[in-house]
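Quick notes on the structure that follows.
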Amino acid sequence: ADGSEVEVPTMQARDVPALYARTPEYAAADLPYGGEAFAMTLVVPSEEEGLQSFVDDLNETAWLDLVAGLEEVDDLTVQLPRFELEYERRLNEDLEALGMTDAFDPGRADFSRMTPGGGIWVDEVKQKAFVRVNEEGTEAAAVTSVAMAESEPPTLRADRPFLFAIRERLSGTILFLGTLVDPPEG
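Numbered per my numbering, the sequence shown spans residues 9 to 194.
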């Protein structure tokens, strides 16, 4: 966020069939991810908008409007860095705040249906997420074709901080949501 530039390993795919939109605030694309049931939605805010401002303004309505505004293209050029992100979080406090307290208390936990002897309780709940984006992860989305066109094909160039979501297409459920601000140097 300090405006400095770094060289990062990037990948490019041409003639990708995708959903795409460009507005004054952002460029976005919905790319097939792991088959047709899932999509990776990439949102690259304009330099003027910036990622933090975009994220600050993002809510359910704005997200649904963004997704609804995506239109089918069959010749998208996608340029983005290869990246891996890993996230781990202990969820005990979050679950207790939601009312799940007895399960963590050795004196009150009741798992007798699972183990007749009793005497067990939940000690720790962890969530771990891992996202890897590389050529192998995008090969299924890359289709080679030849098309005549009078104008430059649309391009999504993730050459500055961006937001990504992995979601189930039918329901729209977001499975992973993250930002890439400081990619690994190559």
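Ideal Cβ placement from N, Cα and C applies to all residues, glycine included.
For a quick check, are the C-beta atoms of glutamine 135 and leucine 99 less than 7 Å apart?
Less than 7 Å divides the Cβ of glutamine 135 from the Cβ of leucine 99.
Skipping 5 residues on each side, what residues in its chain have a beta carbon closer than 7 Å to that of glutamate 57?
Correct list, in chain order: Glu33, Tyr34.
Go ahead and label threonine 49 buried or exposed: buried means 16 or more other beta carbons lie within 10 angstroms of its beta carbon, across all protein chains shown.
Threonine 49 sits buried, since 16 or more C-beta atoms from the chains shown fall within 10 Å of its C-beta.
Helix, strand or coil, according to DSSP, for alanine 166 in the structure here?
Coil, per DSSP.
Name, in chain order, the residues that DSSP records as bridge partners for arginine 4.
Given a span of 9 to 194 for the chain in the structure shown, any question on residue 4 remains unanswerable.
Can you check whether the CB of aspartate 167 is closer than 7 Å to the CB of aspartate 83?
Result no, Cβ atoms of aspartate 83 and aspartate 167 do not sit closer than 7 Å.
Since isoleucine 174 contacts tyrosine 28 with CB under 8 Å, what's their CB separation in whole angstroms?
The pair is not a contact, with the Cβ atoms about 17 Å apart (cut-off 8 Å).
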